[in-house]
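Okay, so here's the structure we're looking at.
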Amino acid sequence: MTAGKIAIVGAGPSGCFLAQSLLKSAPGLEVDLIDRLPVPYGLVRYGVAADHQGTKGVARQFARVFERQGARFFGNVTLGRDITLEALRGAYDAVVLAAGLSQDRPLGIPGADLPGVHGAGTLTRALYDHPDAGGLPGLGPRPLIVGNGNVAIDLLRLLAKQPGELDGSDLGPVATGWLAQSGIEEITIAGRSPAAQAKFDTVMIKELAKLSGVSIRVLGAGSSDDPAEQKKIDAVQALDGIATGPRRVTFRFGLTPVAVVGHSHVEAVRFATDAGEEVVPCTSVLTAIGFGPSGDLPREALLADATDAGAGALAPGLYATGWFRRGPRGTIPDNRADAQALAARILDQLAPDPAKAGRAALAGLAQAVDYTGWTRIDAHEIKAAPEGRCRAKITTREEMLRLARHQETPQ
Ligand SMILES: Cc1cc2nc3c(=O)[nH]c(=O)nc-3n(C[C@H](O)[C@H](O)[C@H](O)COP(=O)(O)OP(=O)(O)OC[C@H]3O[C@@H](n4cnc5c(N)ncnc54)[C@H](O)[C@@H]3O)c2cc1C
Numbered sequence: 001m002t003a004g005k006i007a008i009v010g011a012g013p014s015g016c017f018l019a020q021s022l023l024k025s026a027p028g029l030e031v032d033l034i035d036r037l038p039v040p041y042g043l044v045r046y047g048v049a050a051d052h053q054g055t056k057g058v059a060r061q062f063a064r065v066f067e068r069q070g071a072r073f074f075g076n077v078t079l080g081r082d083i084t085l086e087a088l089r090g091a092y093d094a095v096v097l098a099a100g101l102s103q104d105r106p107l108g109i110p111g112a113d114l115p116g117v118h119g120a121g122t123l124t125r126a127l128y129d130h131p132d133a134g135g136l137p138g139l140g141p142r143p144l145i146v147g148n149g150n151v152a153i154d155l156l157r158l159l160a161k162q163p164g165e166l167d168g169s170d171l172g173p174v175a176t177g178w179l180a181q182s183g184i185e186e187i188t189i190a191g192r193s194p195a196a197q198a199k200f201d202t203v204m205i206k207e208l209a210k211l212s213g214v215s216i217r218v219l220g221a222g223s224s225d226d227p228a229e230q231k232k233i234d235a236v237q238a239l240d241g242i243a244t245g246p247r248r249v250t251f252r253f254g255l256t257p258v259a260v261v262g263h264s265h266v267e268a269v270r271f272a273t274d275a276g277e278e279v280v281p282c283t284s285v286l287t288a289i290g291f292g293p294s295g296d297l298p299r300e301a302l303l304a305d306a307t308d309a310g311a312g313a314l315a316p317g318l319y320a321t322g323w324f325r326r327g328p329r330g331t332i333p334d335n336r337a338d339a340q341a342l343a344a345r346i347l348d349q350l351a352p353d354p355a356k357a358g359r360a361a362l363a364g365l366a367q368a369v370d371y372t373g374w375t376r377i378d379a380h381e382i383k384a385a386p387e388g389r390c391r392a393k394i395t396t397r398e399e400m401l402r403l404a405r406h407q408e409t410p411q
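Throughout the sequence shown, residue numbering follows UniProt numbering, covering 1 to 411 in sequence.
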């Protein structure tokens, strides 16, 4: 009996966890991971903070999916541009969309389009040398971060760090220079919910206590009868009064943005509060309020017509997992449970058709980068790491493709 051919679109955490689960249960499957980038691992490479290398270590687990379990990587192939969903479904017994959500959710208030308003996804891609990112914008002396999830805290921490605190990271030279010369004097972080319901994890807050050059104020953290909520409040309240240096950091809660104020550039944000309204002056606004689809794939229509959206079943032989299915919530490990449940469902429903072409349908895509190509890029980046950094990321597709195509062999 033929083993079955499965294409997973997106080689981020959810795609890799799914391939891992599928191949663990059914080692004979042909599992192909297709990614628009010449490099795998999605937000592990381009979202997880450069100074959180421990978290990025999950990539070693994902590497084993290719190196030991036999999954194949087809990088530099975009579904919706290089190959259609119909063509992929025609070639594989099952297709899984694990394409994540990469667009910043817009603020959707007057003034949100003013120069000086930047989405966290756009900014982190630029900081972490994503090949499709634009340049790093000037933030001025008083950036204001809107949001109180872990992504907002990541941004706050990076902007607040002294250059020496980034040792051991993979932050590139452009971003390093940009941070060192930012001229930031004060960072305000404003969340809509009270501190008790803030989305950040307590461990992320506790890490801020180690910052070496900041003076932190926490305003309006409140209190709660709920012990779990009070624990969160205590963690953030414990930061109040930390004074290790001149860069001021102010936490605010219960502030709902209603307008970005300014003539030709951001000058302030007007918030609705319990007490009425408040205008907070700033020189830039960084929004960290969630993510949406990029537009390559008709996500909303696919989910609306799904046979069982909650379980990731979109149509016969078509599935979704990870952020693409659930929305922009959950950490890397959260995608594992999702992937395991979906793998069981796919294997239960799989009806292999020997007539399906499988990966032969991708053979004509001359631009595709395989896993060996990625290992060449990876080896080059690690070898080229300057002092104080663990890798020197390649920043352009052109250079990635040049390296992937043999111009340098791994040691
Ligand atoms: C800024 C930021 C920081 C984070 N930090 C942490 C952290 O420290 N710890 C933690 O546990 N979690 C963190 N997370 C959450 C974590 O990154 C997500 O849970 C996880 O990445 C979701 O995995 P995914 O595979 O669904 O999506 P992604 O990681 O986004 O992967 C999707 C992949 O699909 C590819 N793709 C997209 N469209 C196409 C297409 N049309 N064709 C082909 N390929 C396509 C993309 O290139 C990408 O590689 C962070 C998230 C963000 C945004």
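Cβ atoms here follow ideal geometry from the backbone N, Cα and C, with glycine treated the same way.
What you are looking at is a predicted structure, and each value in this text was computed from that prediction instead of being measured.
For residue 349, the secondary structure class from DSSP, reduced to helix, strand or coil, is helix. Under DSSP, residue 398 takes part in no beta bridge, so it has no partner. Per DSSP, residue 391 lies in no alpha helix (DSSP H) segment and is marked neither H nor E. Three or more Cβ pairs closer than 8 Å define a contact, and the segment 168–178 falls short of that threshold against the segment 208–225. Not one heavy atom of ligand 1 lies closer than 7 Å to the C-beta of residue 298. In the structure shown, residue 20 adopts helical secondary structure according to DSSP, grouped into three states.
For residue 125, the enclosing alpha helix (DSSP H) stretches over residues 120–127.
Straight-line measurement puts the Cα of residue 366 at about 32 Å from the Cα of residue 104.
By the neighbour-count definition (other C-beta atoms within 10 Å, threshold 16), residue 102 is a buried residue. Measuring C-alpha to C-alpha distances from residue 108 to each of 247, 299, 352, 258 identifies 258 as the nearest. Under the three-state reduction of DSSP, residue 73 is assigned to strand. Straight-line spacing of the CA atoms in residue 60 and residue 48 works out to 15 Å. In this structure, DSSP gives residue 53 a helical state, which the three-state scheme calls helix. The nearest non-hydrogen atom of ligand 1 is 7 Å or more from the C-beta of residue 394. In this structure, residue 37 lies near residue 75, with their beta-carbon atoms less than 8 Å apart.
Here DSSP, grouped into helix, strand and coil, assigns residue 14 to helix. Annotation for residue 172: 129, 393 place their beta carbon closer than 6 Å to its own, counting only its chain and skipping 5 residues before and after. In the DSSP assignment, residue 216 is bridged to 249. Proximity of the segment 226–233 to the segment 185–196 meets the contact definition, three or more beta-carbon pairs being nearer than 8 Å.
Beta-bridge partners assigned by DSSP to residue 31: 6. Judged by DSSP in its simplified three-state form, residue 184 adopts coil rather than helix or strand. Residue 260 and residue 311 have their C-alpha atoms spaced approximately 39 Å apart.
Excluding sequence positions up to five before and after residue 400, its CB lies within less than 6 Å of the CB of 38, 377, 394, all in the same chain and listed in chain order. Taking the Cα of residue 292 as reference, the smallest distance to any Cα among 115, 121, 46 is reached at 121. DSSP places residue 94 within a strand segment (E or B) once states are collapsed to three.
For residue 52, the shortest separation between its Cβ and any heavy atom of ligand 1 lies below 7 Å. For residue 160, the enclosing alpha helix (DSSP H) stretches over residues 150–160. Contact check for residue 40 and residue 323: beta-carbon distance about 16 Å, past the 8 Å limit, so the pair fails to qualify.
Residue 63: member of the alpha helix (DSSP H) spanning 58–67, first to last residue.
If you draw a 10 Å sphere on the C-beta of residue 299, you find 16 or more other C-beta atoms in it, and that means buried. The Cβ-Cβ distance between residue 220 and residue 252 falls below 8 Å.
Note: residue 285 is bridge-paired with 117, 144 in the DSSP secondary-structure output. Put simply, the backbone Cα of residue 181 is about 14 Å away from that of residue 164. Exclusion of residue 66 from the 7 Å shell around ligand 1 follows from its C-beta lying no nearer than that to any non-hydrogen atom of the ligand.
When the five nearest sequence neighbours on each side are left out, the beta carbons in the same chain lying within less than 7 Å of the beta carbon of residue 88 are those of 7, 79, 95, in order along the chain. By a beta-carbon distance limit of 8 Å, residue 91 contacts residue 356. Their separation comes to about 6 Å.
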